[in-house]
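Peer 1: Numbering (UniProt numbering), first residue to last: 1 to 96. The beta-carbon is built from N, C-alpha and C at its ideal position, and this holds for glycine as well. Right, I'll just put the structure down here and ask away after.
Listed below in structure tokens is the structure:
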């Protein structure tokens, strides 16, 4: 059984989405160097999380915390976009 590195939640979500779209689990396991059991577990956890979320069983504190993280992420993404635009403008001015 191969030992695999720790995948971040974002990386696991990418693998889970591929599995849920119908990609063969064995292929994903080989491609990412993880066990098929790990992928099945990630898919099960993903399904369970969304079942709880739909049924309103996720504690409000966790939901608020996640909402705050998402809001902060959106703000940082907007700031990054502004900085990239400013950098592109500065580089364009240097070329002139």
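Determine whether the Cβ of residue 68 lies closer than 8 Å to any Cβ atom of chain C.
Peer 2: Absent from the structure is chain C; it holds one protein chain and no more.
Peer 1: Exposed or buried, what is residue 39 when buried is set at 16 or more other beta-carbons lying within 10 Å of its beta-carbon?
Peer 2: Buried: at least 16 other Cβ atoms inside 10 Å.
Peer 1: Going straight from the alpha carbon of residue 26 to that of residue 36, what length do you get?
Peer 2: Cα to Cα, residue 26 sits roughly 6 Å from residue 36.
Peer 1: Quick check on this structure: which residue in 6, 8, 74, 46 has the alpha carbon closest to the alpha carbon of residue 19?
Peer 2: Here the closest residue by C-alpha is 46.
Peer 1: Which same chain residues, not among the five before or five after residue 29, have their C-beta less than 7 Å away from its C-beta?
Peer 2: Same-chain partners within the cutoff: 35, 36, 39.
Peer 1: Tell me which same chain residues have a C-beta within less than 7 Å of the C-beta of residue 121, skipping the five on either side of it?
Peer 2: Outside the displayed span of the chain (1 to 96) sits residue 121, for which this structure offers no information.
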